[in-house]
Every structure is written in structure tokens, then in C-alpha cells.
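Student: Per UniProt numbering: the sequence shown ends with 247, consecutive numbering throughout.
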Amino acid sequence: MNYLQQRAAKDKSFSYEVIIIDDGSKDETKRVAFNFVRKYTVDNVRVILLGKNHGKGEAIRKGMLHSRGELLLMMDADGATKINDLEKLEDQIHAVARKDFHFGDSSKSDSGLRIGDIPIAAFGSRAHLEEKALSTRKWYRNFLMKGFHLVVLLTAGPGVRDTQCGFKMFTRAAARKLFTNIRLKRWCFDVELVYLCKCFVIPMIEISVNWSEIPGSKVNLLSIPNMLWELALMSVGYRGGLWEISQ
Numbered sequence: 001m002n003y004l005q006q007r008a009a010k011d012k013s014f015s016y017e018v019i020i021i022d023d024g025s026k027d028e029t030k031r032v033a034f035n036f037v038r039k040y041t042v043d044n045v046r047v048i049l050l051g052k053n054h055g056k057g058e059a060i061r062k063g064m065l066h067s068r069g070e071l072l073l074m075m076d077a078d079g080a081t082k083i084n085d086l087e088k089l090e091d092q093i094h095a096v097a098r099k100d101f102h103f104g105d106s107s108k109s110d111s112g113l114r115i116g117d118i119p120i121a122a123f124g125s126r127a128h129l130e131e132k133a134l135s136t137r138k139w140y141r142n143f144l145m146k147g148f149h150l151v152v153l154l155t156a157g158p159g160v161r162d163t164q165c166g167f168k169m170f171t172r173a174a175a176r177k178l179f180t181n182i183r184l185k186r187w188c189f190d191v192e193l194v195y196l197c198k199c200f201v202i203p204m205i206e207i208s209v210n211w212s213e214i215p216g217s218k219v220n221l222l223s224i225p226n227m228l229w230e231l232a233l234m235s236v237g238y239r240g241g242l243w244e245i246s247q
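1. Quick one: what's residue 121 bridged to in DSSP?
2. Distance check for residue 202 and residue 100, CA to CA, integer angstroms please.
3. Residue 126 and residue 162 look like a contact to me (Cβ under 8 Å); what is the Cβ gap, rounded to whole Å?
4. Shorter than 7 Å from the beta carbon of residue 203 to some beta carbon of chain D?
5. If you pair each beta-carbon of the region 192 to 200 with each one of the region 78 to 93, do three or more pairs fall below 8 Å?
6. Helix, strand or coil, according to DSSP, for residue 150 in the structure here?
7. Excluding sequence positions up to five away, which residues of its chain have a Cβ less than 8 Å from the Cβ of residue 17?
8. On the criterion of 16 or more Cβ atoms from any shown chain inside 10 Å, does residue 211 qualify as buried, or is it exposed?
9. Rounded to a whole number of angstroms, what is the C-alpha to C-alpha distance between residue 173 and residue 120?
10. Would you tell me roughly how many angstroms separate the C-alpha atoms of residue 225 and residue 8, rounded to the nearest one?
11. Is it buried or exposed for residue 10, if we count other Cβ within 10 angstroms and need 16 for buried?
12. Can you list, in chain order, the residues of its chain whose CB lies under 8 Å from that of residue 83, leaving out five sequence neighbours each side?
13. By Cβ distance, which residues of its chain are closer than 7 Å to residue 184, with the 5 residues on each side in sequence left out?
14. Quick check: the Cα distance between residue 213 and residue 180, rounded to an integer number of angstroms?
15. DSSP state of residue 135, grouped into three classes?
16. In whole angstroms, what is the alpha-carbon distance linking residue 135 and residue 65?
17. With burial defined as no fewer than 16 other Cβ atoms inside 10 Å of the residue's Cβ, what is the status of residue 157: buried or exposed?
18. To the nearest angstrom, report how far apart residue 165 and residue 188 are at their CA atoms.
19. Going by DSSP, what residue range makes up the beta strand (DSSP E) through residue 37?
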């Protein structure tokens, strides 16, 4: 919150809202979240309670579809990626908008276009840290991760090396297209986002971000079979014509 407040104080054109999704937690998440609302006001912080646990994908979907901004950032609450890295994603989105959509060109007839009207997706990435991770992870974790990456490649195709980084930014136009169609409710919704970006021909940018491992935040190895099941479900759903994509 300090970063957002300081940036808003320096740049009067900058505004923000923080949406906290409580996905049926059994701990003190709700209390902490509402303390944030009381401290920073409901104009800046909102809380969405899902009642029961639906999964990370569904929690993110709810948050994205209830957001009001031009640029929408999703990030994990563990703080593995620092909030100020959003500037890297933001800058690259603006660069793509200028290059591919002539955003900001006053000579164009659509000069009133806002950045949120242009569909672009920016994926934070830890791929640049992979070499170090390979040397420190146990062999069976490396084996499982390599296998998972292969299945992701076969399911969604190339384009993003690190689909699972929890730091992503979307323009409002991209978020509306993607999150009204997303079906996977748990860990592999990130892979579905890549697949949907390709279906909608939404430009995808992968940007290296600073990332630090937070104790207790790793994906449990027992969740790997469930992730593979989700990928299989996604493949059958889309390629078998069972899941329709709304334009």
C-alpha cells in the first residue's frame, strides 16, 4: 500500500484500487482484509468473500470481473514479487500499445482510445531464475516440473515460458475477454489464459520480475496429478468443442 499511496501522491493522474479475494479461508484473512478497508477506506480497498473455497482460478476471475481499472494486476498475497515490479509490466503494455495499435498517436481517428480499451496481456516471469532453481531443487521436483512444462507446451502451445508466475497484468479489454471465458478454477487457470490469449489473438508479453521464494508457498507435489487432470480437461473441452468461447 505504501508504494501505491506514494505513487498517487507524486502522480495525480494515477489512481488505484486493491481487491482482496477471500477464497473461503479458515484463518484470519477476513479480519485482516477488513482492517485494511478501515485503514485505507472502501474507495481504495475492497473485499470479496467467496464463502467456500473455489480455487485460485475462480478467486482471480471474480476479482478481475469486479475491477474498475484500466490496467488490472493479479498478484499473490505472499509478496513473492514486489509490487513496484508492476511498472515493468505497465511499461511494456504501453510499448506494445504504441507499436502495434498506434496508441497515443493524435493523427489517428481513434485518438480518444484509452489504454484499457486495447487488449494486451503481460506475464511476469521467473524463467531467468530457472538455472539456479534447477541446481537447488531436489531431482524429483525437477523431473516433475520438466514434465509439467512439457504437458503445458502440448496443451497451450509455445509463447510463455513461465505460465505459473502469480504476477500478471491485463488491460481491461483483455481481462473482460479472458475472464468471462475461463473455466478452470484452480492451479492451471494460468495455462488456460495463455490458450485463450491465442484464441483472441491478444498480444502476450513475458517480462522478468524479481522473485523470492516464500516459505510454505510452494505447490504441494500431491497437487501435480490434479494439475495434469485440469490440463487434460482443458484439452478435451476446447479441442472437442465442449467448451465454447464467447466473443
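Ideal Cβ positions, reconstructed from N, Cα and C, are used throughout, including at glycine.
Tutor: Taking the geometry as given:
1. 170 and 204
2. 11 Å
3. 5 Å
4. You won't find chain D in this structure, because it holds only one protein chain.
5. no
6. helix
7. 43, 44, 45, 46, 67, 68 and 69
8. buried
9. 8 Å
10. 44 Å
11. exposed
12. 3, 4 and 75
13. 57, 192, 230 and 234
14. 31 Å
15. Confidence is the limiting factor: at residue 135 the pLDDT is only 44, short of 50, which leaves the residue's position unreliable and the question unanswerable from this model.
16. Its pLDDT being 44, under 50, residue 135 is placed unreliably in this model, and the value from its coordinates should be taken loosely. C-alpha separation (whole angstroms): 40 Å.
17. exposed
18. 11 Å
19. Careful: residue 37 lies outside any beta strand (DSSP E), inside the alpha helix (DSSP H) at 29 to 40.
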